[in-house]
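Accompanying notes for the structure given below.
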Amino acid sequence: MRDPEPEPRAQKQQLLQREKGTAMAASIRLGRSAVFIALRAIKPNQLTAQNRLIIQNKRQWTAGWTGSGFRHLFQSPSVCGAAPLKVQMPALSPTMEEGNIVKWLKKEGDEVAAGDTLCEIETDKAVVVLESSEDGILAKILVQEGSRGVRLGTLIALMVSEGEDWKQVEIPAPEPITPTAAPPTAAGPAPPLTTTPSAPKQLRLSPAARHILDTHGLDPHLAKATGPRGLITKEDALKLLNQRDERRPAPPAAAVTSPAPVTVSPPIAPSTGRPTFPPLSVPGKPGMPGTFTEIPASNVRRVIAQRLTQSKTTIPHAYASVDCDLGPVMKLRKQLATEDIKVSVNDFIIKAAAVSLREMPEVNVMWSGDGPQALDYIHISIAVATPRGLITPIIKDAASKGLQEIAATAKALAKKARDGKLLPEEYQGGSFSISNLGMFGISEFSAVINPPQACILAVGGTRAELRLAPQNQDGPVLHTQQLMTVTLSSDGRLVDDELASRFLEKFRTNLEQPQRASL
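Residues 571 to 1089, numbered by the working numbering, are exactly what the sequence shown covers, in order.
As structure tokens, this is what we get:
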């Protein structure tokens, strides 16, 4: 009696399959219609050539919609977003390896024209502005203000072309660090071989954090990085140290109640009385004896330290000093002041040094890898103290400039140096340096040569001294002289003692006789 039941079941299954097929075909047709309705809604001026090609070929695609059609559609800027224009950290000086983002001068969404300044970057020499090379809109700032140690080529911002939606910019994925993988032959030991060498490469530690972790034997992988771009800061290392101390079990009660004061006596410390590990300074708390606070060095400070070390270890310094009478200079300054021409004593020194180099070209040299090189230009580098460190802007062709022009140029360069606005060509390429500390009350000093230059002139302050005047009819007469001591530091490979002495004599003559030097 149950034999005829399978036939109705088979018929029902066939009907269900037909209904499913009909519904699937209807959904496909409905999906195709929705796609083309969306394409018609896009404005023609916003369509790229790729989108127009899709619309022109829609008849062919309606016959058989393939996966490649979907890829062409959804990879178009009108659907998935605007293609970005990358802004990377550039090399703004020949010796630059990394830079610091000081300030962004444009905000996200601002229109940018070619030549507009995007941000200020602190290089190893000064703070330089980064100019845009293309027109567009600043869409995304990836490296914020105050970021330090940004390597060359790092992506710092994204721009989009004009007319595109900057809010829909595609942010590229960060380039992964490809660690050296172990050969795939050994399946068992492969995981530890591939993970252990690659982990240290991905860690970024500040010098203070590295010192704390190394001193206390802490694993840097356990520290939670809170600094920019995954940097483990000093606070992160101190937090990890505190967590380790909290997890450490308390000493047993018997050790505390022991009659022998073993824990109080200092036999653990060395004979010098210093602790086993140096105490650490905690932010917000008074420091213990022997603690210190780590001060991050700027790029300028690091370069100054590197160049000073290079100069004192590779250049044989020789020193010679001479006293100069500033009486004629003071007299000429008063005459110029009556004509409303303001010049300083340092301007006279710059001019006298430049004229002396023109008269003695054998001193206007520099040392290269192959030996001495004679220079056909006279560019005087003047040392300027700034909050970031010492920098030497250049007065170019100082021998051919007048005194008033030298004064105006030196004043403008000193202001730009203190503001951190010097361009690379304004502090690179000098042939002779002058450092003047007379305004700080320094009587005399010796300066360090600025390589690859051969000489630097250290200028002290003026002092009044009584000296005998040449004899006249009334006999010897005492009179007051305004004397200034200058010290020449010279490269012994290029300027020997005899040549340095003759140069100082020439400099003193030009300074004490300003008219002779055509000042």
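C-beta atoms are modelled at their ideal positions from N, C-alpha and C, and glycine is treated no differently.
Given residue i as reference, the closest of the options once Cα atoms are compared
i	options	result
residue 1049	705, 892, 1037 and 876	1037
residue 941	1004, 888, 1061 and 717	1061
residue 1054	735, 873, 1025 and 891	891
residue 798	661, 786, 812 and 775	775
residue 679	992, 1064 and 736	736
residue 656	728, 868 and 695	728
residue 921	908, 946, 975 and 1057	975
residue 956	991, 946 and 927	991
residue 1083	883, 801 and 903	903
Rounded Cβ spacing between residue i and residue j (contact assumed at less than 8 Å)
i	j	result
residue 794	residue 784	Residue 794 to residue 784, Cβ: 18 Å. No contact.
residue 953	residue 1004	7 Å
residue 536	residue 1059	Only positions 571 to 1089 of the chain appear in the structure, and residue 536 is not among them; the question remains open.
residue 881	residue 1019	5 Å
residue 925	residue 969	6 Å
residue 1014	residue 1079	At roughly 20 Å, the Cβ-Cβ gap does not stay under 8 Å, so residue 1014 and residue 1079 are not in contact.
residue 695	residue 870	7 Å
Rounded C-alpha distance that separates residue i from residue j
i	j	result
residue 936	residue 792	52 Å
residue 685	residue 700	9 Å
residue 710	residue 929	57 Å
residue 1000	residue 948	8 Å
residue 900	residue 1051	11 Å
residue 734	residue 704	14 Å
residue 1002	residue 738	54 Å
residue 831	residue 781	Unreliable positioning characterises residue 831 in this predicted model, as indicated by a pLDDT of 46, which lies under 50. A coordinate reading is not provided.
residue 1081	residue 913	14 Å
residue 1026	residue 923	10 Å
residue 1016	residue 714	42 Å
residue 1085	residue 777	56 Å
residue 1068	residue 938	22 Å
residue 671	residue 995	21 Å
residue 673	residue 1010	33 Å
residue 989	residue 967	24 Å
residue 654	residue 1024	49 Å
residue 908	residue 997	34 Å
residue 1022	residue 943	10 Å
Under 7 Å between C-beta atoms of residue i and residue j
i	j	result
residue 1073	residue 933	yes
residue 950	residue 965	yes
residue 732	residue 706	yes
residue 896	residue 1032	yes
residue 1065	residue 919	no
residue 659	residue 720	yes
residue 865	residue 959	no
residue 708	residue 661	no
residue 963	residue 987	yes
residue 687	residue 669	no
residue 973	residue 917	yes
residue 512	residue 675	In the structure as shown, the chain starts at 571 and stops at 1089, and residue 512 therefore has no counterpart that could be examined.
residue 811	residue 790	no
residue 779	residue 803	yes
residue 682	residue 702	yes
Any C-beta of chain C under 7 Å from that of residue i
i	result
residue 1080	Reference to chain C is not applicable here, since this structure consists of a single protein chain.
**OP:** May I have a chain-ordered list of the alpha helix (DSSP H) segments no shorter than 4 residues that lie completely inside the stretch 1037–1087?
**Re:** 1067–1082
Subject >> Uninterrupted alpha helix (DSSP H) stretches inside the stretch 704–752 (no shorter than 4 residues) >> reply: none
Subject >> Segments assigned alpha helix (DSSP H), at least 4 residues, entirely inside the stretch 963–1038 >> reply: 973–989
Subject >> alpha helix (DSSP H) segments (min. 4 residues) lying fully within the stretch 860–915 >> reply: 869–884 and 897–908
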